[in-house]
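Asker: Going by our numbering, the first residue of the sequence shown is number 62, and it counts up by one from there. Beta carbons are placed, not taken as given, at the ideal position from N, Cα and C, and that holds for glycine. The structure under discussion is supplied below as structure tokens; questions concerning it will follow.
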Amino acid sequence: MNVGKDIFRLLRRLRPSSPAGFIRYLWLKLRGKTIMVTGSCHGCGRCCSSICLEGDEGWLRSEKSLQRIIEKYPEYGRFIVIGRDTQGFLLFRCTWCTAEGTCSSYEERLPLCRRYPESSLVFAGGRLLTGCGYRFAEVVPFEKVLRRELKKTK
Numbered sequence: 062m063n064v065g066k067d068i069f070r071l072l073r074r075l076r077p078s079s080p081a082g083f084i085r086y087l088w089l090k091l092r093g094k095t096i097m098v099t100g101s102c103h104g105c106g107r108c109c110s111s112i113c114l115e116g117d118e119g120w121l122r123s124e125k126s127l128q129r130i131i132e133k134y135p136e137y138g139r140f141i142v143i144g145r146d147t148q149g150f151l152l153f154r155c156t157w158c159t160a161e162g163t164c165s166s167y168e169e170r171l172p173l174c175r176r177y178p179e180s181s182l183v184f185a186g187g188r189l190l191t192g193c194g195y196r197f198a199e200v201v202p203f204e205k206v207l208r209r210e211l212k213k214t215k
């Protein structure tokens, strides 16, 4: 067991966390729970019109950091800055989002869009927008429940 390596791995996983998100992560771990995404998309498009983006150094705070991402991943050029959130992170709107709230090129959408919302959003200090059909639920992981039940049968 290499404690230093384990600590480094944990810190790397938590890098995008906010202080409140880190506390929530620890609280969940202590109770043996995790975050699960529930619900479904209502197709409102709010997630496309007010989104924070993450780069190699964490959540974007400057247009200069956006330019570095666009140089590396030109497809991110579809995002335009519309302001800042309460933590000072840049807020973006996707130019591919139509007036109806749908993607103008749904099959070509980014992996970020395909995976939204990820449970890691909770630990980064993010939240789901009002009216979103998804929810974050605190649950005991299935594997843990299964192990507990299998022990009962032995």
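Exposed or buried, TRP88, counting other C-beta atoms within 10 Å across all chains shown (16 or more means buried)?
Answerer: Stepping through the sequence shown from its first residue, residue 88 is reached at position 27. Burial call: exposed.
Asker: Expressed to the nearest angstrom, what Euclidean distance is found between the alpha-carbon atoms of ALA81 and VAL183?
Answerer: Stepping through the sequence shown from its first residue, residue 81 is reached at position 20. Stepping through the sequence shown from its first residue, residue 183 is reached at position 122. For ALA81 and VAL183, the distance between alpha carbons rounds to 9 Å.
Asker: Looking at LYS94 and VAL200, is the spacing between their C-beta atoms short of 8 Å?
Answerer: On the sequence shown, position 139 is the one that residue 200 refers to. On the sequence shown, position 33 is the one that residue 94 refers to. Yes, the pair counts as a contact, with Cβ atoms nearer than the cut-off.
Asker: With a CB to CB cut of under 6 Å and the five nearest residues on each side skipped, what residues in its chain are close to LEU127?
Answerer: Stepping through the sequence shown from its first residue, residue 127 is reached at position 66. Hits under 6 Å: LEU121.
Asker: Quick check: the Cα distance between CYS105 and CYS113, rounded to an integer number of angstroms?
Answerer: Along the sequence shown, read from residue 1 onward, the residue named residue 105 stands at position 44. Along the sequence shown, read from residue 1 onward, the residue named residue 113 stands at position 52. Near 17 Å, if we compare the C-alpha coordinates of CYS113 and CYS105.
Asker: Does THR99 come out as helix, strand or coil in the three-state DSSP assignment?
Answerer: Numbered from its first residue, the sequence shown carries residue 99 at position 38. Strand at THR99.
Asker: The beta strand (DSSP E) that contains ARG154, what's its start and end?
Answerer: If you number the sequence shown from 1, residue 154 lands on position 93. Element bounds for ARG154: 151-155.
Asker: Please report how far the alpha carbon of GLU204 lies from the alpha carbon of CYS102, in whole angstroms.
Answerer: By 1-based counting over the sequence shown, the position of residue 204 is 143. By 1-based counting over the sequence shown, the position of residue 102 is 41. If you take the alpha carbons of GLU204 and CYS102, they lie about 26 Å apart.
Asker: Quick check: the Cα distance between VAL206 and GLY186, rounded to an integer number of angstroms?
Answerer: What you label residue 206 is simply residue 145 of the sequence shown in a count that begins at 1. What you label residue 186 is simply residue 125 of the sequence shown in a count that begins at 1. Taking the straight line from one Cα to the other gives about 28 Å.
Asker: By the three-class DSSP mapping on this structure, what secondary structure does CYS193 have?
Answerer: Counted from its first residue, the sequence shown places residue 193 at position 132. Three-state DSSP puts CYS193 in coil, outside helix and strand.
Asker: Quick one: what does DSSP say ARG139 is sitting in, helix, strand or coil?
Answerer: On the sequence shown, residue 139 is found 78 positions in, with the first residue counted as 1. DSSP places ARG139 in helix when its eight states are reduced to three.
Asker: Does DSSP put GLY82 in a helix, a strand or coil?
Answerer: The residue you call residue 82 lines up with position 21 of the sequence shown. GLY82 falls in the helix class under three-state DSSP.
Asker: What is the C-beta distance between SER111 and LEU171, in whole angstroms, given that I count them as a contact (C-beta under 8 Å)?
Answerer: In the sequence shown, counting from the first residue as 1, residue 111 sits at position 50. In the sequence shown, counting from the first residue as 1, residue 171 sits at position 110. Between LEU171 and SER111 the Cβ distance is about 16 Å, and since that is not below 8 Å, they are no contact.
Asker: How should TYR134 be labelled, buried or exposed, when 16 other C-beta atoms within 10 angstroms of its C-beta is the threshold for buried?
Answerer: Mapped onto the sequence shown, residue 134 falls at position 73. Looking at its Cβ environment, which holds fewer than 16 other Cβ atoms inside 10 Å, TYR134 is exposed.
Asker: Looking only at its own chain, which residues have a Cβ that is under 7 Å from the Cβ of THR163, when we skip the five neighbours before and after it?
Answerer: Taking the first residue of the sequence shown as 1, we reach residue 163 at position 102. If we look at THR163 and ignore the five residues flanking it on each side, its Cβ neighbours are GLY104, GLY106.
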